[in-house]
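Undergrad: Dropping the structure in here first, questions after.
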Amino acid sequence: MTVVLSLIWWFSLSGLGLFFPFYSLYLSDSAGLGGTAVGLVMASMPAVGLIAQPFWGRLADRTGARARVLSVIALGTSLGYAGLAVPSTLQGILIATIALGVFATALIPSCVSVSLASLPDASARSFGHVRVMGTLGYAVSVGVLPFLLGRLAGSDAATETARLPIIFPLAAGCSALAALASLFVPARGGLAVRAARGDWRQLLGNVAFRRVVGFTFLTYFFTQGAMVLFPILVRAQGGGIESISRMWLIMLALEVPLVVAFGAGVARVGPRGVIAIGTAAAAVRWATSGFVEDLRLVYLAQILHGVTVWGIILGVPFYVDRVVPEHLRATAQGVLAMVGISLGSILSNLAAGALMEDYGATTPARVAGMASALLMIAMPWLLPGLRDATSTTLRGSAEADVRR
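Right, here's the structure in full:
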């Protein structure tokens, strides 16, 4: 099972690695969109995710067919990537991006819920070991793409940019392979547990879950816009596609060992401690990216991206998995993605696009750095420790059983 899950993560994030780091650059340089238009297109995916993510999560929990739902999501993501190669107008690009978002926004939450339900012990250690394969796949995609573009374009930088649409069929192929691998996940154990009608309401009464969703919303609202516009910041500072690729490889250099050691980190400082460290790293990274003009120092700061992934992108879903009932795992991850990630990303992308157009390419990163620092300071009041959160959850579940 570990091998199958590793392949799913590898191919899912390989596709994302071909798409996410370069899509805003494609929109700006290849499609010729302005800052506000780029922000609008980038906001459209999390916007559709507000509906898609809880829908897929609830479907998985109600049917007990979590692995098969993941297969459908991965296949739809593949078709969505392929569809982006067709349109050339803002309207067409927007429609194609929305179509991709119906599936792609739910892919990672579904991978998380299927992984934690499939692994024998569902521990932070075993989760980290399969999740790191996604990071490695992402790194390979980011590293190989500039080489491939260079071979296609020769020495002409303008032609290199014109070749960027190749990311779409390549990403589509990776997601199709993830869909194929997911067919080998057996539907048994925690993957086959079904939720009853109306059980999702238990999440509304879960204080720890509500607070972690709110914290995640603030995190993504402060940082996601800066993240999607980061290629444009690099371009404004004199870098190109190769520079963007090198920075992503730097970002992933520390991420790989941290993801492998995720279990050790949780054991040492707890899930909330991991999340706090990730938030602090985001503050330093974005402040450096926004306020420092030396591109070499900006390069150096990107290594903190790995700490942020370790602390937030892994830490938050793992925290959620520990404070919600087993039969609501997929629903909880879907709601977390809907409210915490998608809604926060929508507002962040729109705000960052407007900030970039009015005040320059470095402004979103500056705002992200300062806001993340404030979020880190407020952490003790925003997020309960896991022991307190778990006791609250158990108490709420017992009360629900009595009412039944």
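In the working numbering, each residue's number is its place in the sequence shown (first place is 1) plus 71.
Cβ coordinates follow ideal geometry from the N, Cα and C atoms, glycine included.
To the nearest angstrom, how far is the alpha carbon of Ala432 from that of Phe255?
TA: Straight-line Cα distance between these residues: approximately 45 Å.
Undergrad: Could you please give the first and the last residue of the uninterrupted alpha helix (DSSP H) stretch that includes Ser149?
TA: That run of the alpha helix (DSSP H) goes 137-154.
Undergrad: I believe Ile169 touches Val119 by the beta-carbon criterion, under 8 Å. Please report the beta-carbon distance rounded to the nearest angstrom.
TA: Indeed they touch by this definition, with Cβ atoms about 5 Å apart.
Undergrad: Taking the straight line between their C-alpha atoms, what separation do you get for Pro158 and Val394?
TA: Their backbone Cα atoms lie some 43 Å apart in a straight line.
Undergrad: Would Pro180 and Gly128 be called neighbours here (beta carbons separated by less than 8 Å)?
TA: Yes.
Undergrad: Can you look up Val157 in the DSSP assignment and give me helix, strand or coil?
TA: Val157 falls in the coil class under three-state DSSP.
Undergrad: For Ala102, name the three-state secondary structure that DSSP assigns.
TA: If DSSP states are grouped into helix, strand and coil, Ala102 belongs with coil.
Undergrad: Whole angstroms is fine: what's the gap from Pro477's alpha carbon to Thr107's?
TA: A query on residue 477 cannot be resolved here, the shown segment of the chain reaching from 72 to 475 and no further.
Undergrad: With a CB to CB cut of under 8 Å and the five nearest residues on each side skipped, what residues in its chain are close to Ala252?
TA: Cβ within range, chain order: Val75, Leu78, Ile79, Phe82.
Undergrad: If you compare alpha carbons, which of Ile321, Trp452, Val211 is closest to Gln373?
TA: If we check each option's Cα against that of Gln373, Ile321 comes out closest.
Undergrad: Leaving out five residues on either side along the sequence, give the residues of the same chain with a beta carbon under 6 Å from the beta carbon of Met72.
TA: Hits under 6 Å: Ser189.
Undergrad: Do Val391 and Val203 come within 8 Å of each other at the CB atom, strictly closer than that value?
TA: No, the pair does not count as a contact, with Cβ atoms beyond the cut-off.
Undergrad: For a test of the three-state rule: what should DSSP assign to Glu313, helix, strand or coil?
TA: Note: Glu313 maps to helix in three-state DSSP.
Undergrad: What would DSSP say about Asp365, mapped onto helix, strand or coil?
TA: Note: Asp365 maps to coil in three-state DSSP.
Undergrad: I need the straight-line Cα distance from Trp319 to Thr290, nearest angstrom please.
TA: Between Trp319 and Thr290, the C-alpha separation is close to 20 Å.
Undergrad: Cβ of Ser416 within 8 Å of Cβ of Phe293?
TA: Not closer than 8 Å, so no.
Undergrad: Measure the alpha-carbon distance for Gly440 versus Thr287 and round it to whole angstroms.
TA: Cα to Cα, the separation comes out at about 16 Å.
Undergrad: Nearest CA to the CA of Leu187: which residue from Gln404, Ile383, Asp429?
TA: Taking only the C-alpha atoms, the option nearest Leu187 is Gln404.
Undergrad: State the start and end residues of the unbroken alpha helix (DSSP H) segment that holds Ala250.
TA: Taken as a continuous stretch (DSSP letters only), the alpha helix (DSSP H) holding Ala250 covers 238-253.
Undergrad: Comparing C-alpha positions only, which one of Ile122, Ala324, Pro328 sits nearest to Gly199?
TA: Here the closest residue by C-alpha is Pro328.
Undergrad: Does Leu187 come out as helix, strand or coil in the three-state DSSP assignment?
TA: Of the three classes helix, strand and coil, the one that applies to Leu187 here is helix, per DSSP.
Undergrad: Any chance you could list the alpha helix (DSSP H) runs of at least 4 consecutive residues sitting entirely within the region 290-336, in chain order?
TA: Those alpha helix (DSSP H) runs which fall completely within the region 290-336 and span 4+ residues are 301-307, 312-331.
Undergrad: DSSP on Asn277, reduced to helix/strand/coil?
TA: Asn277: coil per DSSP, three-state reduction.
Undergrad: By the 10 Å Cβ neighbour count, where 16 or more other Cβ atoms means buried, how is Gln295 classified, buried or exposed?
TA: By the 10 Å Cβ count, Gln295 comes out buried.
Undergrad: Tell me, please, whether the region 89-107 touches the region 139-149 by the rule of three or more beta-carbon pairs shorter than 8 Å.
TA: Not touching, per the Cβ criterion.
Undergrad: With H, G and I counted as helix, E and B as strand and the rest as coil, what does DSSP make of Ala85?
TA: Sequence check: residue 85 is Ser here, not Ala. If DSSP states are grouped into helix, strand and coil, Ser85 belongs with the helices.
Undergrad: Look at Met450 and Thr350 and say whether their C-beta atoms are less than 8 Å apart.
TA: In this structure, Thr350 lies closer than 8 Å to Met450 by Cβ.
Undergrad: So what does DSSP say about Arg268, is it helix, strand or coil?
TA: In this structure, Arg268 counts as coil in the three-state DSSP scheme.
Undergrad: Report the CB separation of Pro257 from Ala156 in whole angstroms; it is logged as a contact under 8 Å.
TA: Contact doesn't hold; Cβ gap of about 35 Å is too wide.
Undergrad: Suppose you measure from the CA of Arg475 to the CA of Trp271; what does that come to, to the nearest Å?
TA: Here the model assigns Arg475 a pLDDT of 32, short of 50, so the residue's position is not dependable, and the following value carries that caveat. The alpha-carbon atoms of Arg475 and Trp271 are separated by roughly 15 Å.
Undergrad: Rounded C-beta distance between Ala307 and Ala423? I'm assuming under 8 Å.
TA: The pair is not a contact, with the Cβ atoms about 14 Å apart (cut-off 8 Å).
Undergrad: For Ser197, does the three-state DSSP call read helix, strand or coil?
TA: Helix, per DSSP.
Undergrad: Return the first residue and the last residue of the alpha helix (DSSP H) that Met450 is part of.
TA: Note, Met450: alpha helix (DSSP H), 450-453.
Undergrad: Where Gly411 and Ala401 are concerned, what is the direct C-alpha to C-alpha distance, given to the nearest angstrom?
TA: Computed Cα separation, rounded: 15 Å.
Undergrad: How many angstroms separate the CA atom of Gly310 from the CA atom of Trp381?
TA: Roughly 27 Å between the two C-alpha positions.
Undergrad: Mapping DSSP to helix, strand and coil, what is Pro396?
TA: DSSP places Pro396 in coil when its eight states are reduced to three.
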